[in-house]
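Here the structure is laid out as structure tokens; the discussion comes afterwards.
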Amino acid sequence: IEERSLIKATFDNKEIQAVNEIVIHSGSYTQLMRYKLNINNKIVYEKRSDGLIISTTTGSTAYALSAGGPIIHPNLDVWTVLPMLSQSLSSRPFVISSDELLSVNILEGSSKQGKICADGQEDINVSYLSDIQISKIHKPLKLIHLHNNDFFEACREKLGWSLDISNPR
């Protein structure tokens, strides 16, 4: 049995939960939004980008990977914080402990309000200047593996690691 952390976002008297990631965006994936990110009540940055992905370890091989995030080994209990298509060349993803408390405020965007989404499901409206709290769900997801599970073998098979492009199968 393997345990994986889950993530939740609370905002505007609502809560959403995710296995893979929480995505905060402007409402249109081609429009910038300006937002402020705090971790444990300390300002990390104020940034303009298409959105922000907060990915769990499980989600590191999902949407966050497609957006340029790192692959995280499942034994690590961390999150990847990944700005989406930022205007700044210095904007890079970073990895933090999943025990941190993140707070995101959408300051402005192209729509009347921002959007938030869990695991690629329904976009939910979120008011500008709302305090979006991102935190860990303290009851983990329990996965049962029916055979000897090898993370790196799964990466080779599913992601094409070790594939020799000069010698097709």
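Take the sequence shown: its position 118, counted from the start at 1, is 188 in this note's numbering, and no numbers get skipped.
Glycine included, each C-beta is placed from N, C-alpha and C at the ideal position.
If you draw a straight line from the Cα of I94 to the Cα of L229, it comes to about 26 Å. Y198 sits in coil when the DSSP states are folded into three classes, being neither helix nor strand. A Cβ-Cβ separation of about 5 Å places S75 in contact with D147 under the 8 Å criterion. About 6 Å separates the beta carbons of S180 and S98, which is inside the 8 Å limit, making them a contact pair. Pairing E73 with P210 gives a Cβ-Cβ distance under 7 Å. In its own chain, leaving out the 5 sequence neighbours on each side, no residue places its CB closer than 7 Å to the CB of R162.
When secondary structure is reduced to three states using DSSP, G230 falls in the coil class, being assigned neither helix nor strand. Our two residues, Y198 and K182, have alpha carbons roughly 8 Å apart in a direct line.
Nearest to S136 by C-alpha distance, out of N108, I202, S232 and E91, is E91. Taking all protein chains in view, the Cβ of G138 is surrounded by fewer than 16 other Cβ atoms within 10 Å, so the residue is classified as exposed.
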